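Numbering (the working numbering), first residue to last: 392 to 660.
Contents: one structure, followed by commentary.
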Ligand SMILES: NC(=O)c1ccc[n+]([C@@H]2O[C@H](COP(=O)([O-])OP(=O)(O)OC[C@H]3O[C@@H](n4cnc5c(N)ncnc54)[C@H](O)[C@@H]3O)[C@@H](O)[C@H]2O)c1
């Protein structure tokens, strides 16, 4: 199988799918024939995602869930199985960021809030999602956790986000070993700087400064860059890939950016 048709008919949940990366993944999955349960804490925007998918002849339904709440995540998994009769995969994408500040200035409340969504939320999605995937006897089960470059590298002024994302990578690696014998792959996607609403009210010129500072190609990524990897990981072409934390970052993780001067810049003319 050397195309993406292997994903056709699979059933997958995408959390945080009302916006940003999750929305792009849900749309990409539906375009390729995956039946998608779009889930988000934001019902209005989540339902809009479903409407857009259906307008494009894709199959999707919405379920409102706060990934930090046990009963919501249980309800989400039950809904997927009741609606489609099975579950093949889950993309644990919902997440929030925190304001940038030195570690000691974060409050305990900020730590608890972020950890409940970015780390516990992923654990809950895995706990209940994997149970359902096992019960479905999915031949190509998959779990994709959206971590971050902050899941594999330290970041100044981002200690609480970074600790949660490292935790997501840890969950991913351990679970990959647990479920490898049962045909479930478990991988993490580690995006670099991608243009989504997670940037909030950050002024455009500051976002562009971040892009120049953090991205070797000098520009922000597009949510589709992440969606394409998520599609590959859901397909039968990726069955031998598990326990990996795969970056989508234009090479940011590869090392430090240092100023460089070409001897022959005219080659570019
Ligand atoms: N955009 C980036 O540059 C970037 C980089 C690295 C990692 N990430 C990660 O990618 C994931 C998606 O981020 P994004 O950029 O698309 O953000 P986004 O803000 O555009 O979208 C996040 C979605 O998650 C939902 N959400 C928030 N809290 C929730 C909760 N408790 N329960 C359910 N849904 C909830 C929001 O309503 C929103 O629809 C996050 O885990 C984030 O940490 C993003």
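Glycine included, each C-beta is placed from N, C-alpha and C at the ideal position.
Predicted model, so just to flag it, every value in this text is computed and none were measured.
By how many angstroms is the C-alpha of residue 553 removed from the C-alpha of residue 491? 11 Å
In this structure, does DSSP put residue 588 in helix, strand or coil? Residue state, collapsed to three classes: helix.
ask   = Could you give the C-beta distance for residue 615 and residue 415, rounded to a whole number, given that I count them as a contact under 8 Å?
value = By a beta-carbon distance limit of 8 Å, residue 615 contacts residue 415. Their separation comes to about 5 Å.
If you draw a straight line from the C-alpha of residue 621 to the C-alpha of residue 656, how long is it? Spanning the two alpha carbons is a distance of roughly 37 Å.
Exercise. Exposed or buried, residue 532, counting other C-beta atoms within 10 Å across all chains shown (16 or more means buried)?
Worked result: With 16 or more neighbouring CB atoms inside 10 Å of its own CB, residue 532 falls in the buried class.
Could you compute how far the alpha carbon of residue 536 sits from the alpha carbon of residue 660?
42 Å
- Task: Would you list, in sequence order, the uninterrupted alpha helix (DSSP H) runs of no fewer than 4 residues that lie entirely inside the region 434 to 479?
- Result: 434 to 446 and 461 to 475
Tell me whether residue 563 sits in a helix, a strand or coil according to DSSP, three-state version.
helix
CB contact flag (residue 604, residue 648, <9 Å) = yes
Please identify the residue among 449, 444 and 509 whose C-alpha is closest to the C-alpha of residue 424.
449
Next on the checklist: Checking 9 Å against the spacing of the C-beta atoms, do residue 516 and residue 543 come in under that value?
Outcome noted: no
Item checked: Start-to-end residues for the alpha helix (DSSP H) that takes in residue 533 -> Annotation: residue 533 is outside any alpha helix (DSSP H); the continuous beta strand (DSSP E) that includes it extends over 532 to 537.
C-beta atoms of residue 571 and residue 637 nearer than 9 Å
no
**Message:** Is residue 458 close to ligand 1? I mean its beta-carbon at under 8 Å from any heavy atom of the ligand.
**Reply:** yes
Check your understanding: How close, in whole Å, do the beta carbons of residue 613 and residue 585 come, if the pair is a contact with beta carbons under 8 Å?
Key -> 7 Å
*asked:* Under 8 Å: does the beta carbon of residue 581 sit that close to some heavy atom of ligand 2?
replied: Ligands present in the displayed structure are limited to ligand 1, and ligand 2 is not among them.
What is the DSSP secondary structure of residue 481, counted as helix, strand or coil? strand
- Query: What whole-angstrom Cβ distance do residue 435 and residue 407 have, given they're in contact under 8 Å?
  - Reply: Rounded, the Cβ-Cβ distance is 15 Å, inconsistent with contact.
| said: For a test of your reading of the model: does the CB of residue 650 fall under 8 Å from any non-hydrogen atom of ligand 1? Yes or no. | reply: Flag unset: Cβ of residue 650 not near ligand 1.
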